[in-house]
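Worksheet for the structure shown next.
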Amino acid sequence: MTLEEKINKLENQSIELWSAIKSVDNETSEMRFAGAVPAAIRSKVAMLAEENGIDEKELEEREREILECEGNLDLAVWRLVKPFKEKKVAIDNELYELKCQLEEQRETLV
């Protein structure tokens, strides 16, 4: 396979991975932005607690647990796209190196 063919192949792979990264981002965006739902629930529960004479401090530990779970979910979702991004970086680096090699070859021919 010539350098040009390798470059074309890697360019196509890079484009496909960029598309895959966008797809993963789209698929996981609902989970990443779902924080509004737990926040709304916590707010409603806090109002119900106040209306029913439950001390706000009694809910604090449970709210911390929810916030910790939300943070873990955000991290886990971010980790879903990480392998795609790492592979794209590796392909882009290889592509850069091949383009440099091709340029060197062209310069020696001139």
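For the working numbering, add 75 to where a residue sits in the sequence shown, where the first one is 1. All residues carry an ideal CB built from backbone N, CA and C; glycine is no exception. As the structure is a prediction and not an experimental result, all values here were calculated from the model.
{"query": "For GLY128, three-class secondary structure by DSSP", "result": "coil"}
{"query": "Proximal residues to VAL187 (C-beta, below 7 Å), its chain only, five neighbours per side dropped", "result": "Outside the modelled stretch of the chain, which goes from 76 to 185, sits residue 187, for which no answer is possible."}
{"query": "Entirely enclosed alpha helix (DSSP H) segments - the region 143 to 170, minimum 4 residues", "result": "none"}
{"query": "Cutoff 8 Å; reference LEU78; Cβ partners in own chain excluding five residues on either side", "result": "LEU173, GLN176, LEU177 and GLN180"}
{"query": "Three or more C-beta pairs below 8 Å linking the region 164 to 173 and the region 82 to 97", "result": "yes"}
{"query": "Cut-off 7 Å between Cβ atoms - residues of its own chain near ILE82, not counting five sequence neighbours on either side", "result": "LEU170, LEU173, LYS174 and LEU177"}
{"query": "Straight-line gap, LEU184 to LEU150 (C-alpha atoms, nearest Å)", "result": "51 Å"}
{"query": "Exposure label - VAL112; buried when at least 16 CB within 10 Å", "result": "exposed"}
{"query": "Three-way DSSP call (helix, strand, coil) for THR77 in this model", "result": "coil"}
{"query": "For VAL185, the three-state DSSP class (helix, strand or coil)", "result": "coil"}
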